[in-house]
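Those letters in the sequence shown? Residues 997 to 1056, by my numbering.
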Amino acid sequence: MRASKETYEHVAKECSAYKRKEYGAKNCASDSCPSCLNCTHFSTDEHCVLDLYDPIVKNL
């Protein structure tokens, strides 16, 4: 993980393109809160494919 869990959550809350991945059953509370880690635009190598992470995190 490149950033802290809290940073990913703050960025997702500020991101206008955030879209939660659809999972079957939710196994933990973190699946239900916005986070880059559960966004459809966040790749498996922890990179925002829309290149929105860096501009948002700079303004936090």
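For every residue, glycine included, the Cβ atom is placed at its ideal position computed from N, Cα and C.
Does DSSP put residue i in a helix, in a strand, or in coil?
i, result
"cysteine 1032", "helix"
"arginine 998", "coil"
Quick check on the DSSP output: the alpha helix (DSSP H) that includes residue i runs from which residue to which?
i, result
"valine 1053", "1049 to 1054"
"lysine 1001", "1001 to 1010"
What residues in its chain sit with their C-beta under 7 angstroms from that of residue i, if we drop five residues either side in the sequence?
i, result
"leucine 1048", "Cys1011 and Ala1013"
"glutamate 1002", "none"
Take residue i and list the residues in its own chain whose beta-carbon comes closer than 6 angstroms to its own, dropping the five residues that flank it on each side.
i, result
"tyrosine 1004", "Ser1031, Cys1032 and Leu1033"
"asparagine 1016", "A small correction: the amino acid at residue 1016 is arginine; asparagine does not occupy that position in the sequence shown. So the qualifying residues of the chain are Asn1034."
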